[in-house]
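Trainee:
There are 2 protein chains.
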Amino acid sequence: MAPTLRIALVQFQAKPLCVSENFERAASEIRSAAAQGNHIVVLPEYHLTSWAPEDPTFTDACAASATYLHQYQELARVLNIHIVPGTIVEPNVKPGDPVVELHNITYFISGTTGEILGTYRKKNLWHVERGILTADKKSPHKAFDVPFPGSSHVVRVGLLICWDLAFPEALRQLVADGAKLVIIPAYWHINKVNPKLLALSPDSEAVFLDSATVARAYENTCAVAFCNAWGHSQVTMPVLGSLGKLGAEKEGCIISEVDLDTLEVAESHYKVREDIGSKEWHY
Amino acid sequence: MAPTLRIALVQFQAKPLCVSENFERAASEIRSAAAQGNHIVVLPEYHLTSWAPEDPTFTDACAASATYLHQYQELARVLNIHIVPGTIVEPNVKPGDPVVELHNITYFISGTTGEILGTYRKKNLWHVERGILTADKKSPHKAFDVPFPGSSHVVRVGLLICWDLAFPEALRQLVADGAKLVIIPAYWHINKVNPKLLALSPDSEAVFLDSATVARAYENTCAVAFCNAWGHSQVTMPVLGSLGKLGAEKEGCIISEVDLDTLEVAESHYKVREDIGSKEWHY
Chain A
40 MAPTLRIALV
50 QFQAKPLCVS
60 ENFERAASEI
70 RSAAAQGNHI
80 VVLPEYHLTS
90 WAPEDPTFTD
100 ACAASATYLH
110 QYQELARVLN
120 IHIVPGTIVE
130 PNVKPGDPVV
140 ELHNITYFIS
150 GTTGEILGTY
160 RKKNLWHVER
170 GILTADKKSP
180 HKAFDVPFPG
190 SSHVVRVGLL
200 ICWDLAFPEA
210 LRQLVADGAK
220 LVIIPAYWHI
230 NKVNPKLLAL
240 SPDSEAVFLD
250 SATVARAYEN
260 TCAVAFCNAW
270 GHSQVTMPVL
280 GSLGKLGAEK
290 EGCIISEVDL
300 DTLEVAESHY
310 KVREDIGSKE
320 WHY
Chain B
40 MAPTLRIALV
50 QFQAKPLCVS
60 ENFERAASEI
70 RSAAAQGNHI
80 VVLPEYHLTS
90 WAPEDPTFTD
100 ACAASATYLH
110 QYQELARVLN
120 IHIVPGTIVE
130 PNVKPGDPVV
140 ELHNITYFIS
150 GTTGEILGTY
160 RKKNLWHVER
170 GILTADKKSP
180 HKAFDVPFPG
190 SSHVVRVGLL
200 ICWDLAFPEA
210 LRQLVADGAK
220 LVIIPAYWHI
230 NKVNPKLLAL
240 SPDSEAVFLD
250 SATVARAYEN
260 TCAVAFCNAW
270 GHSQVTMPVL
280 GSLGKLGAEK
290 EGCIISEVDL
300 DTLEVAESHY
310 KVREDIGSKE
320 WHY
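Here the protein sequences line up with chains A and B, keeping their order.
In our numbering, each residue's number is its place in the first sequence (first place is 1) plus 39.
In our numbering, each residue's number is its place in the second sequence (first place is 1) plus 39.
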C-alpha cells in the first residue's frame with residue numbers, strides 16, 4: 040500500500056519587488072506547513088518579486104531573489120519538508136555577452152538533504168512574458184524521483200509553470216516519463232483579465248483553471264498540485280476531481296491528502312499510462 | 040460577424056438490437072430539431088444497435104443499421120438540417136477474407152444536399168471494445184468544411200467518438216487542421232462503472248466528462264459538442280464553459296446557441312491556435 044502524501048499549497052500575492060519581505064512570509068508559511076506534518080509545501084510563481092517587468096529595478100530584484108534558493112535548501116533540510124519554492128526569475132549572464140536573459144525557473148528541494156532533486160525552466164510563456172523572459176524550447180520535459188519522507192517509497196514527480204497547464208503536451212511528456220504527481224506554481228489572474236473575456240463571462244478564468252487541472256489528472260491518471268498566487272489553488276486527482284480549492288484573490292494555505300493508491304485504481308480502469316507507454320501507441 | 044449556430048444534442052438510450060425502432064425514434068427527434076430551427080442535430084454513439092456484442096445477432100444488427108445511412112441523408116436533404124447520426128457500426132467484408140472487421144463510424148451529413156461532408160472511424164477504443172471493433176490507428180485526424188445554412192459562412196468541423204475525448208492528441212490534430220467545432224457522439228456510462236471507482240466517488244465519470252469537455256474547448260479555443268447516450272451531453276466553449284447539459288440517465292434534446300465570434304474573442308486572448316500553427320511551435 041502506498042503512503043498518503045500531504046501537500047500544502049500556499050496561495051499568496053507577493054508584494055512587488057519586496058524580495059526579503061516576501062521571503063520572510065514564505066519561510067513562515069513553510070515552517071507552519073512543516074509543523075502541521077505536511078510532506079511537500081508549494082509556493083506560487085513569482086512569489087519573491089511578483090511580476091513587475093515595467094519597473095526598472097525588476098532585473099535587480101530577480102538577481103536578488105535568486106540568492107534565496109540556498110535558504111530554501113537550508114529550510115527544507117532543517118524542517119524535513121520537501122519545498123517547491125514557486126518560481127525564481129534568474130538573470131542568465133553569459134561572459135562577453137551584453138544581453139542578459141531572464142529565466143523563470145522552479146525547483147524541487149528534498150526535505151531530507153536540502154538537495155535539488157528537480158528543476159524546470161518555463162517553456163510556454165504567457166504572451167506578455169514573451170518579450171521579457173526567455174523560454175526553454177529545446178529540452179524535453181523530464182520527471183525525477185522523490186523519496187517519500189519516513190518510508191522507502193519513491194514518487195516520480197514533474198514540474199510545470201502556470202500557462203504550461205494550458206498545453207496538454209507538457210503534462211503528457213512528464214507522465215510518459217513516469218510522473219505520478221505534477222506540481223505547477225502559477226501566477227494566473229482570475230479577475231484581472233482581458234475585459235472582452237470578462238464581458239462574456241466573469242468566470243472565464245476560474246472555469247478554465249478548474250476544468251484544466253481536473254482534466255489533466257484524469258487524462259494522465261496522475262495527481263496535479265496547482266498553486267496560484269491569484270486563486271483556485273488545488274490538488275486534483277482522477278476519480279476524485281478537486282480535493283478542495285482556495286477562492287479567487289484569497290490568501291491562505293490549503294492542505295490536501297493524496298492517496299497514491301487512488302492513482303492505481305484509476306489507472307487499472309482507464310489504462311491511459313499503459314496506452315501511452317505501449318509500443319502500439321499511435322500518436 | 041459570424042452567424043450563431045444552433046446545435047441540438049439528442050440524448051437517448053437505444054433499445055439493444057432494435058434497429059428500426061431506434062431509427063424511428065431518431066428520425067422523430069431529427070424532425071423536431073429541424074422544426075425548432077436548429078442547424079445541426081447530433082445523436083449518440085451506437086444509437087441504432089446499442090452496445091450488445093455478447094448477443095450472437097449483434098453483427099447482423101450492425102449490418103442492418105448500416106443500411107439506414109441513406110435514410111439520414113434523405114432526412115437531412117428534405118429537412119434542411121445537418122445530421123451527425125451518432126455512430127453506426129459497419130461490418131467490413133473483404134472479398135476472400137473470412138474475418139469480418141467491425142468499424143465504429145460517425146458521419147457529417149449536409150443539410151442542403153444530403154451529401155456526406157465528413158466521416159471518422161474511432162481510433163481510441165474503450166478497453167472492452169478492443170476485442171470486438173477494429174480501430175483506425177493509421178490515418179491522421181482530419182477536419183472538413185461545412186457550409187452554414189442560409190449564409191455564405193463556412194465552419195470547419197471535426198468528428199471524434201466517445202473515449203477519444205480522453206486523448207488531447209485527438210482534438211489537437213483536428214484543431215491543427217483548422218477545426219473550430221468538434222462533434223463527439225458517445226456511449227459513456229456515468230453510473231454503471233467499475234465499482235472500485237464508484238466506491239471512491241460516485242461522481243467520477245460525471246467529473247471526468249464535465250472537466251474534459253470544457254478543458255478541450257479552452258485548450259484549443261474551439262467549440263465541443265458532446266452527445267452521450269448516458270448523460271452530460273453538452274456544448275462547451277472557451278470563456279463560457281458549458282452552455283448547459285442534460286443529467287445522467289435522462290433522455291431529451293438540449294439546444295445550444297454557439298456564437299462563433301466568441302471563439303475569436305478567446306483566440307485573440309489565448310492565441311492557442313496561433314501558437315500550435317506557428318513555425319516556432321515546439322511540441
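No residue lacks a Cβ here, since even glycine has one placed at the ideal position from N, Cα and C.
Please return the same chain residues whose Cβ sits closer than 8 angstroms to the Cβ of A:ILE171, not counting the five positions on each side in sequence.
Mentor: The sequence position of residue 171 of chain A within the first sequence is 132, counting from 1. So the list reads PRO92, LEU141, once near-sequence residues are dropped.
Trainee: Checking 9 angstroms against the spacing of the C-beta atoms, do A:VAL196 and A:GLY150 come in under that value?
Mentor: Counting from 1 along the first sequence, the entry for residue 196 of chain A is found at position 157. Counting from 1 along the first sequence, the entry for residue 150 of chain A is found at position 111. Contact: no.
Trainee: Please list, in chain order, the chain B residues whose beta carbon lies closer than 8 angstroms to that of A:ALA205.
Mentor: For the purposes of this step, residue 205 of chain A is taken as the residue at position 166 of the first sequence. By Cβ distance, chain B contributes TYR257, GLU258, TYR309, VAL311.
Trainee: Mind checking if A:GLY280 is an interface residue toward chain B, Cβ cutoff 9 angstroms exclusive?
Mentor: Counted from its first residue, the first sequence places residue 280 of chain A at position 241. Chain B contact via Cβ: present.
Trainee: How would you list, in chain order, the residues of chain A whose beta-carbon sits under 9 angstroms from the beta-carbon of B:ASN233?
Mentor: As a position in the second sequence, residue 233 of chain B is number 194, starting the count at 1. Chain A residues near B:ASN233: VAL304, SER307, HIS308.
Trainee: Would you kindly work out how many angstroms separate the C-alpha atoms of A:ALA41 and B:LYS161, rounded to a whole number?
Mentor: Walking along the first sequence from the start, residue 41 of chain A turns up at place 2. Walking along the second sequence from the start, residue 161 of chain B turns up at place 122. Their Cα atoms are separated by approximately 36 angstroms.
Trainee: Quick check: is the beta carbon of B:GLU225 nearer than 9 angstroms to any beta carbon in chain A?
Mentor: Your numbering for residue 225 of chain B matches position 186 in the second sequence. Here residue 225 of chain B is Ala; the residue named in the question, Glu, does not match the sequence. No - not a single Cβ of chain A is within 9 angstroms of the one on B:ALA225.
Trainee: Looking at the unbroken beta strand (DSSP E) that takes in A:VAL193, where does it start and where does it end?
Mentor: In the first sequence, counting from the first residue as 1, residue 193 of chain A sits at position 154. That run of the beta strand (DSSP E) goes 193–198.
Trainee: Excluding the five sequence neighbours on either side, which residues of its own chain have a C-beta within less than 7 angstroms of the C-beta of A:ALA34, listed in chain order?
Mentor: Look at the range of chain A in this structure, 40 to 322, and you will see that residue 34 of chain A is not part of it.
Trainee: Measure the alpha-carbon distance for B:ALA254 versus B:TRP269 and round it to whole angstroms.
Mentor: Within the second sequence, the letter at position 215 stands for residue 254 of chain B. Within the second sequence, the letter at position 230 stands for residue 269 of chain B. In a straight line, the C-alpha of B:ALA254 is about 20 angstroms away from that of B:TRP269.
Trainee: With a Cβ-Cβ cutoff of 9 angstroms, do B:ILE127 and B:LEU87 count as a contact?
Mentor: Position 88 of the second sequence, counted from the first residue, corresponds to residue 127 of chain B. Position 48 of the second sequence, counted from the first residue, corresponds to residue 87 of chain B. The beta carbons of B:ILE127 and B:LEU87 sit closer together than 9 angstroms.
Trainee: For chain B, is any of its Cβ atoms less than 9 angstroms away from the one on A:ASP216?
Mentor: Counted from its first residue, the first sequence places residue 216 of chain A at position 177. It does not: the Cβ of A:ASP216 has no partner Cβ on chain B nearer than 9 angstroms.
Trainee: Return no unless some Cβ of chain A is closer than 9 angstroms to the Cβ of B:TYR322.
Mentor: In the second sequence, the residue the question calls residue 322 of chain B occupies position 283. At least one chain A Cβ lies under 9 angstroms of B:TYR322.
Trainee: What are the residues in the segment 164–176 of chain A lying within 9 angstroms of chain B by C-beta distance?
Mentor: Within the segment 164–176 of chain A, the residues whose Cβ lies closer than 9 angstroms to some Cβ of chain B are HIS166, ALA174, LYS176, listed in chain order.
Trainee: Out of A:HIS192, A:SER243, A:GLU296, point me to the one whose CA is closest to B:ALA305's CA.
Mentor: The residue you call residue 305 of chain B lines up with position 266 of the second sequence. Cα-wise, what sits closest to B:ALA305 is A:SER243.
Trainee: On a Cα-Cα basis, can you pick out the residue from A:GLU63, A:VAL139, A:SER240 that is closest to A:ALA102?
Mentor: Taking the first sequence and counting its residues from 1, one reaches residue 102 of chain A at position 63. Checking every option, the nearest Cα to that of A:ALA102 belongs to A:VAL139.
Trainee: Go ahead and label A:PRO234 buried or exposed: buried means 16 or more other beta carbons lie within 10 angstroms of its beta carbon, across all protein chains shown.
Mentor: In the first sequence, residue 234 of chain A corresponds to position 195, counting from 1. Label assigned to A:PRO234: exposed.
Trainee: Distance, Cα to Cα, A:ASN77 vs A:ASN119?
Mentor: Sequence index remark: in the first sequence, residue 77 of chain A carries index 38 (1-based). Sequence index remark: in the first sequence, residue 119 of chain A carries index 80 (1-based). Rounded to whole angstroms, A:ASN77 to A:ASN119 spans 10 angstroms at the Cα level.
Trainee: Determine, using beta carbons only, whether B:ARG211 and A:GLU303 come nearer to each other than 9 angstroms.
Mentor: Position 172 of the second sequence, counted from the start, is the residue given in the question as residue 211 of chain B. Position 264 of the first sequence, counted from the start, is the residue given in the question as residue 303 of chain A. Cβ distance not < 9 angstroms, so B:ARG211 and A:GLU303 don't count as in contact.
Trainee: Please report how far the alpha carbon of A:GLN75 lies from the alpha carbon of B:LYS177, in whole angstroms.
Mentor: Numbered from its first residue, the first sequence carries residue 75 of chain A at position 36. Numbered from its first residue, the second sequence carries residue 177 of chain B at position 138. Spanning the two alpha carbons is a distance of roughly 52 angstroms.
Trainee: So the alpha helix (DSSP H) B:TYR309 belongs to, where does it begin and stop?
Mentor: Residue 309 of chain B sits at position 270 when you count from the first residue of the second sequence. B:TYR309 -> alpha helix (DSSP H) spans 299–309.
Trainee: Mapping the DSSP letters down to three states, classify B:PRO224 as helix, strand or coil.
Mentor: What you label residue 224 of chain B is simply residue 185 of the second sequence in a count that begins at 1. Of the three classes helix, strand and coil, the one that applies to B:PRO224 here is strand, per DSSP.
Trainee: With H, G and I counted as helix, E and B as strand and the rest as coil, what does DSSP make of A:GLU208?
Mentor: Along the first sequence, read from residue 1 onward, the residue named residue 208 of chain A stands at position 169. Note: A:GLU208 maps to helix in three-state DSSP.
Trainee: Does DSSP put B:GLN110 in a helix, a strand or coil?
Mentor: Within the second sequence, the letter at position 71 stands for residue 110 of chain B. If DSSP states are grouped into helix, strand and coil, B:GLN110 belongs with the helices.
Trainee: My assumption, with CB atoms under 8 angstroms, is that B:THR145 sits in contact with B:VAL123. Please give the rounded CB distance.
Mentor: Residue 145 of chain B sits at position 106 when you count from the first residue of the second sequence. Residue 123 of chain B sits at position 84 when you count from the first residue of the second sequence. That pair is a contact at about 6 angstroms.
Trainee: Pick helix, strand or coil for A:ASN259, following the three-state DSSP scheme.
Mentor: Here residue 259 of chain A refers to the residue found at position 220 of the first sequence. Helix, per DSSP.
Trainee: With the cut-off set at 9 angstroms, would you say A:ILE222 and A:VAL117 are in Cβ contact?
Mentor: Stepping through the first sequence from its first residue, residue 222 of chain A is reached at position 183. Stepping through the first sequence from its first residue, residue 117 of chain A is reached at position 78. Not a contact, by the Cβ cut-off of 9 angstroms.
Trainee: Name, please, each residue of chain A whose Cβ falls closer than 7 angstroms to the Cβ of B:PHE247.
Mentor: One-based indexing of the second sequence puts residue 247 of chain B at position 208. TYR257, listed in chain order.
Trainee: For A:VAL49 versus A:ALA65, is the C-beta distance shorter than 9 angstroms?
Mentor: Residue numbering aside, residue 49 of chain A sits at position 10 when the first sequence is read from its first letter. Residue numbering aside, residue 65 of chain A sits at position 26 when the first sequence is read from its first letter. Closer than 9 angstroms, so yes.
Trainee: Looking at the unbroken beta strand (DSSP E) that takes in B:THR152, where does it start and where does it end?
Mentor: For the purposes of this step, residue 152 of chain B is taken as residue 113 along the second sequence, with counting starting at 1. That residue, B:THR152, is in no beta strand (DSSP E); it is neither H nor E in DSSP.
Trainee: Assign B:PRO83 to one of two classes, buried (16 or more other C-beta atoms within 10 Å of its C-beta) or exposed (fewer than that).
Mentor: In the second sequence, the residue the question calls residue 83 of chain B occupies position 44. Buried.
Trainee: What residue does the alpha helix (DSSP H) around A:PHE183 start on, and which one ends it?
Mentor: Numbered from its first residue, the first sequence carries residue 183 of chain A at position 144. A:PHE183 -> not in any alpha helix (DSSP H); beta strand (DSSP E) instead, spanning 183–186.
Trainee: Check the Cβ-Cβ distances between B:PRO55 and every residue of chain A, and say whether any is below 9 angstroms.
Mentor: Reading the second sequence from its first residue, position 16 is the one you call residue 55 of chain B. Not one chain A Cβ lies under 9 angstroms of B:PRO55.
Trainee: Give the range of the beta strand (DSSP E) segment to which A:ALA47 is assigned.
Mentor: Reading the first sequence from its first residue, position 8 is the one you call residue 47 of chain A. Note, A:ALA47: beta strand (DSSP E), 43–50.
Trainee: Would you mind telling me which residues of chain B sit closer than 7 angstroms to A:THR301, beta carbon to beta carbon, in chain order?
Mentor: Along the first sequence, one-based indexing puts residue 301 of chain A at 262. Here the neighbours are LEU239.
Trainee: Would you decide whether B:GLU258 is buried or exposed? Buried here means 16 or more other CB atoms lie within 10 Å of its CB.
Mentor: For the purposes of this step, residue 258 of chain B is identified with residue 219 of the second sequence, where counting begins at 1. Buried, because 16 or more other Cβ atoms sit within 10 Å of the Cβ of B:GLU258.
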